[in-house]
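Trainee: Numbering (the numbering used here), first residue to last: 4 to 277. Yeah, the Cβ is synthetic: ideal placement off N, Cα and C, and Gly gets one too. A quick note: this is a predicted structure, and the numbers were derived from the prediction, not measured.
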């Protein structure tokens with residue numbers, strides 16, 4: 004948790020104004036960030052497609068910053084019905100994750116289209132398909148993480164745990180994002196879930212703030228009590244990546260620096276407390 008990281012959608016303002024992804028990664032590395040998530044839709048000049056994958060460019064970036072860990076994140080409706088690893092989007096995601104992996108390939112999926120009703124109807128299929136996908140990716144040397152979004156937490160976590168238990172490899176991990184509870188209208192549950200969650204299941208922690216279902220452009224006051232989250236995760240010996248994921252704005256450079264300062268302050272407080 005001492006190392007900071009960032010998700011590329013924080014850079015949307017720069018990307019939309021012509022700044023190259025490679026330059027932004029280099030700047031993050033200069034700021035001593037050690038975890039960088041390449042988010043589908045926020046890769047600027049290197050946005051991949053099935054016809055133009057940019058695999059060589061991704062591999063070059065990862066190798067140039069071998070001291071950083073990279074993952075590839077994409078939207079995929081895993082609560083929307085049956086799927087398997089032959090899906091074109093999954094195949095592309097696997098290839099990009101492998102190119103970025105530096106020997107530790109990591110693919111993250113998030114379902115931003117299925118509501119809780121849809122997820123409940125398709126729950127059994129989701130569990131079977133995620134378990135199979137986890138094993139298929141394991142055979143290819145790719146870790147799989149899924150992130151909760153608009154679905155109710157209890158439903159999402161049930162699907163996650165049963166998929167993990169059903170898989171032979173246990174190659175399914177949790178991207179945990181406390182601010183997303185606001186998107187699911189469950190912000191009142193953040194403290195409870197943070198306290199009870201088995202942190203060994205968490206592959207990455209997304210760090211942003213929300214108020215009444217709106218994600219903020221910086222780590223301001225809001226529904227996530229970040230000093231408490233940091234204390235809980237540190238106290239439970241979480242040692243995985245954390246990555247800022249605030250909404251991009253013209254103030255992204257200032258927000259990034261201030262977020263890093265806040266994070267280090269919260270870590271220092273947690274060290275004193277624990």
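1. Starting from residue 210, follow the beta strand (DSSP E) in both directions and report where the run begins and ends.
2. Indicate whether residue 246 and residue 59 have their beta-carbon atoms separated by less than 9 Å.
3. Apart from the five residues on each side of it in sequence, which residues of its chain come closer than 8 Å, Cβ to Cβ, to residue 189?
4. Does the beta-carbon distance from residue 72 to residue 105 come in below 9 Å?
5. Counting along the chain, where does the beta strand (DSSP E) carrying residue 245 start and finish?
6. Whose CA, out of 113, 63, 120, 108, lies closest to the CA of residue 183?
7. According to DSSP, is residue 103 part of a helix, a strand, or is it coil?
8. Rounded to the nearest angstrom, what separates residue 251 and residue 212 at their Cα positions?
9. Closest to residue 10 by CA distance: which of 248, 61, 46 is it?
10. With a threshold of 7 Å on Cβ separation, who are the neighbours of residue 167 within its own chain once the five nearest residues in sequence on each side are excluded?
11. Near residue 223, what residues of its chain come up, given a Cβ to Cβ distance below 6 Å and the 5 sequence neighbours on each side ignored?
12. Opposite residue 110 in the DSSP bridges: which residues?
13. Express the C-alpha separation of residue 42 and residue 158 in angstroms, rounding to a whole number.
14. Between residue 336 and the rest of its own chain, which residues show a CB-CB distance below 7 Å, the 5 nearest in sequence each way excluded?
15. Between residue 202 and residue 239, how many whole angstroms is the CB-CB distance? I'm expecting something under 8 Å.
16. Could you spell out where the beta strand (DSSP E) holding residue 9 opens and where it closes?
17. Considering just the uninterrupted stretch of the alpha helix (DSSP H) at residue 14, what are its terminal residues?
18. Cα separation between residue 153 and residue 14?
19. Tell me, which residues are paired with residue 42 by DSSP?
20. Among the residues of its own chain, which have a CB less than 6 Å from the CB of residue 40, if the five just before and after it don't count?
21. Can residue 179 and residue 207 be called in contact, C-beta distance under 9 Å?
22. What separation, rounded to the nearest whole angstrom, lies between the Cα atoms of residue 237 and residue 276?
23. Alpha carbon to alpha carbon, how far is residue 169 from residue 134? Give it in angstroms, no decimals.
24. Flag this pair as yes or no: are the beta carbons of residue 143 and residue 108 separated by less than 9 Å?
25. Out of curiosity, what's the CA-to-CA distance linking residue 220 and residue 256?
26. Tell me, please, which residues DSSP counts as bridged to residue 176.
Mentor: Let me spell this out:
1. As a first step, residue 210 is located in the chain shown; it is residue number 207 there, counting from the start. That run of the beta strand (DSSP E) goes 205-210.
2. Locating residue 246 in the chain shown gives position 243, where the first residue counts as 1. Locating residue 59 in the chain shown gives position 56, where the first residue counts as 1. No; because the gap between Cβ atoms is not below 9 Å, this pair is not in contact.
3. Position 186 of the chain shown, counted from the first residue, corresponds to residue 189. In its chain, beyond the 5 residues on either side, 155, 156 have a beta carbon closer than 8 Å to the beta carbon of residue 189.
4. Translated into the one-based positions of the chain shown, residue 72 becomes position 69. Translated into the one-based positions of the chain shown, residue 105 becomes position 102. In this structure, residue 105 lies closer than 9 Å to residue 72 by Cβ.
5. Walking along the chain shown from the start, residue 245 turns up at place 242. 245-247 is the extent of the beta strand (DSSP E) around residue 245.
6. Locating residue 183 in the chain shown gives position 180, counting from the first residue. Cα-wise, what sits closest to residue 183 is 113.
7. The sequence position of residue 103 within the chain shown is 100, counting from 1. Three-state DSSP puts residue 103 in a helix.
8. Along the chain shown, read from residue 1 onward, the residue named residue 251 stands at position 248. Along the chain shown, read from residue 1 onward, the residue named residue 212 stands at position 209. Cα-Cα distance, rounded: 13 Å.
9. Within the chain shown, numbered from 1, the residue matching residue 10 stands at position 7. Checked all of 248, 61, 46; the closest Cα to residue 10 is 248.
10. On the chain shown, position 164 is the one that residue 167 refers to. Cβ within range, chain order: 173, 175.
11. Locating residue 223 in the chain shown gives position 220, where the first residue counts as 1. Correct list, in chain order: 212.
12. The residue given as residue 110 occupies position 107 in the chain shown. Looking at the DSSP output, residue 110 bridges to 75, 147.
13. Stepping through the chain shown from its first residue, residue 158 is reached at position 155. Stepping through the chain shown from its first residue, residue 42 is reached at position 39. Between residue 158 and residue 42, the C-alpha separation is close to 25 Å.
14. Because residue 336 is not part of the residues shown, which for the chain are 4 to 277, the question remains open.
15. On the chain shown, position 199 is the one that residue 202 refers to. On the chain shown, position 236 is the one that residue 239 refers to. Contact holds; Cβ gap of about 4 Å.
16. Here the question's residue 9 lines up with position 6 in the chain shown. Per DSSP, residue 9 belongs to the beta strand (DSSP E) from 8-10.
17. Counting from 1 along the chain shown, the entry for residue 14 is found at position 11. No alpha helix (DSSP H) contains residue 14, which DSSP labels as neither H nor E.
18. Numbered from its first residue, the chain shown carries residue 153 at position 150. Numbered from its first residue, the chain shown carries residue 14 at position 11. Each residue's Cα considered, the two are about 23 Å apart.
19. Residue mapping note: residue 42 aligns to position 39 of the chain shown, counting from 1. For residue 42, which the question treats as bridged, DSSP gives the partners 76.
20. In the chain shown, the residue the question calls residue 40 occupies position 37. Taken in chain order, the residues that qualify are 10, 74, 76, 246.
21. Start at 1 with the first residue of the chain shown, and residue 179 comes out as number 176. Start at 1 with the first residue of the chain shown, and residue 207 comes out as number 204. Their beta carbons are under 9 Å apart, which means residue 179 touches residue 207 by this criterion.
22. On the chain shown, residue 237 is found 234 positions in, with the first residue counted as 1. On the chain shown, residue 276 is found 273 positions in, with the first residue counted as 1. If I take the Cα positions, the gap works out to 10 Å.
23. As a working note, residue 134 is residue 131 in the chain shown. As a working note, residue 169 is residue 166 in the chain shown. Answer to the nearest angstrom: the Cα atoms are 6 Å apart.
24. In the chain shown, counting from the first residue as 1, residue 143 sits at position 140. In the chain shown, counting from the first residue as 1, residue 108 sits at position 105. The answer is yes: Cβ separation under 9 Å.
25. On the chain shown, position 217 is the one that residue 220 refers to. On the chain shown, position 253 is the one that residue 256 refers to. Roughly 11 Å separates the two Cα atoms.
26. Position 173 of the chain shown, counting from 1, holds the residue named residue 176. DSSP output for residue 176 lists 148 as bridge partner(s).
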